[in-house]
Amino acid sequence: MSQSLNFTNQDLRDRSFKGKNLVGADFSGADIRGCNFSRSQLKAANFANVRAGRSQRQNAIVNITSFTIALMFAGTAMIATILLITFAIVSIFGIEAINRETIYWVAIVAIVVFAVGFAVSFTGSFAIASKKGIMIAIPISLILAFVSGFFGSTFTKILVFGAFKAIASSFKFNSFTALLTFLAIEPLQIFGSLYLFRLAMNTSRITTGTRFQYADLTKASFYNATLVNCDFSKAIVNDVNWEQGQISRCKL
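Now the structure itself:
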């Protein structure tokens, strides 16, 4: 075997082998987490005892992405809640119902929705993916809930007051137009928040680590390999040896 095709027991994390000719290459015992073998020629390649899946760098990117999307979902859900409650109060009780106490309580509800929404989506993404990081996600969610309640109250009150003012003005102009505007905006907010929630919950689960898309793995061996979050979609897997391989959450 050519020395250049001998990767036995090497740490190859996050390396790209995309489109390479690796026929007969020996990766046995190597750490190939985060590697990209897309469109590579891997006929008769030896992946026995390899460790494949997401690398630490990929996990960090996934966690940051999940955090960001969870924040976006929580913010969208909070705005949808503010619009719904303020519109309901103005339409039922009239403009006279708008006062400091009403703004305060609507802001409290909005903050709770934000904190709970973030906690559920962020920690849920770890739970669905069965990741150990859920024990870190829980305290992060609790800290954010405290911070949003302690420091976000003034900002939330401004949002609530602005929503009340905008809705009250629209009602003064034309109640029918106000209703149509609400019916146009609120469903978009709700569906947008639901989409972000689904995205936040699934980001960690669907993000792949080691990639073999469109690779030719004819007669390759994954004997006793640990394969987690790998992508074999559109790969040629004729006569591949999967014996004693531990395969979990892979796209085949």
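The numbering of the sequence shown is the numbering used here, which starts it at 736 and goes up by one.
We treat Cβ as the ideally placed atom computed from N, Cα and C, and that holds for glycine.
To which residues of the same chain is R774 closer than 8 Å at the C-beta, ignoring the five residues directly before and after it? The answer, listed in chain order, is K753, G754, Q948, Y949, A950.
Near N909, which residues of its chain fall below 6 Å by C-beta distance, leaving aside the five closest residues on each side in sequence? none
Give a yes or no on whether 8 Å exceeds the smallest Cβ distance from F782 to chain D. The structure shown has no chain D; it contains just one protein chain.
Pull up the CB-CB distance for F782 and S956, whole angstroms please, since I reckon it's below 8 Å. 6 Å
Presumed contact (8 Å Cβ cut-off) between F857 and F932, rounded CB distance: That pair is no contact at about 11 Å.
Relative to the alpha-carbon of A815, which residue among A960, K969, L952, F926 has its alpha-carbon at the smallest distance? F926
Excluding the 5 residues flanking F899 on each side, which residues of the same chain have their C-beta closer than 6 Å to its C-beta? T821, I833
Quickly, what does DSSP pair T961 with across the bridge? List them, please. Answer by DSSP bridge pairing, in chain order: R786, Q981.
Which class does I971 belong to by DSSP, given the choice of helix, strand or coil? strand
Taking only the alpha-carbon atoms, compute the straight-line gap between N937 and A805 and give it to the nearest angstrom. 11 Å
When DSSP labels each residue in this structure, what does I739 get in the three-state scheme? The question names Ile, but residue 739 in the sequence shown is Ser. Correct three-state label for S739: helix.
Simplified DSSP state of N794, which is helix, strand or coil: In the structure shown, N794 sits in a helix (DSSP, three-state: H, G or I).
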